[in-house]
Every structure is written in C-alpha cells, then in structure tokens.
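Engineer: For our numbering, count along the sequence shown from 1 and bump the result up by 1388.
Beta carbons: idealized from backbone N, C-alpha and C, even for Gly.
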Amino acid sequence: MAYYVFLVNFTDQGARSVRDTTKRADAFRAMAEKGGAKVHTLLWTLGKYDVISITEAPDDLTATALSLSISELGNVRAQTLKAFDAGEMRQIIAKMA
C-alpha cells in the first residue's frame, strides 16, 4: 500500500454547509474503505488548505478515484500527492545514479 496526502479546500458550496464537515469526513472514510483505501489521519487546518488527509491506498488508480469521487460531490476541491515513507525513500536513494 502507498501513502497519499490529500490537500483539500472547501468550495463555495462546502463553505456554506461547513457545519456538516465532520459528517462529510465520516462519509469520506467510508468511501475510502469501500474502495480499498484507509484514512490514517484527517485534520482541519488553518492556512492555505482547509483539510488534509493522510490516506493509504493500494495504487494510484484507487487514490485518484477517491480524489475524484470526493470532488464530484461539489463540497471540496482536492489535490493529491503521493508520499513516501523512510523505507521507500531509502530505496529511491539507492536507485539514484
């Protein structure tokens, strides 16, 4: 399984219904599990992004489908970053020329 960081901003629609954000977070966790992913951390933040999530998924296709699925609902826009843990970073460094 690979790690992905979701950087999320509320849309106008999502901001208008911000009181439902924790319910939407629960739905996001359920959606992730249904698709074979696992949400490890979900945090509301101050600054450039409204929410961040650390999610584990079996592949890029699953992570992308999850990102598109939450965006399709219209409450958020998500940017997805693939992330690497220390073991994976060691492997990457070992492959460097």
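Rounded to a whole number of angstroms, what is the C-alpha to C-alpha distance between K1470 and I1480?
Structural biologist: Counted from its first residue, the sequence shown places residue 1470 at position 82. Counted from its first residue, the sequence shown places residue 1480 at position 92. Approximately 14 Å between the Cα atoms of the pair.
Engineer: Give me the Cα-Cα distance between T1443 and A1425, rounded to the nearest whole angstrom.
Structural biologist: The residue labelled residue 1443 in the question sits at position 55 within the sequence shown. The residue labelled residue 1425 in the question sits at position 37 within the sequence shown. About 7 Å.
Engineer: Please list the terminal residues of the continuous alpha helix (DSSP H) segment that includes F1487.
Structural biologist: In the structure as shown, the chain begins at 1389 and stops at 1485. Residue 1487 is therefore absent and cannot be evaluated.
Engineer: Return the chain-ordered list of same chain residues with a C-beta closer than 7 Å to the C-beta of A1420, the five sequence neighbours on each side being excluded.
Structural biologist: As a working note, residue 1420 is residue 32 in the sequence shown. K1426, V1427, T1443, L1454.
Engineer: Where in the segment 1407-1452 do unbroken runs of the alpha helix (DSSP H), each at least 4 residues long, occur, reported from the N-terminal end onward?
Structural biologist: Counting whole runs of 4 or more residues, the segment 1407-1452 contains the alpha helix (DSSP H) stretches 1409-1422.
Engineer: To the nearest angstrom, report how far apart P1446 and V1393 are at their CA atoms.
Structural biologist: One-based indexing of the sequence shown puts residue 1446 at position 58. One-based indexing of the sequence shown puts residue 1393 at position 5. Roughly 14 Å separates the two Cα atoms.
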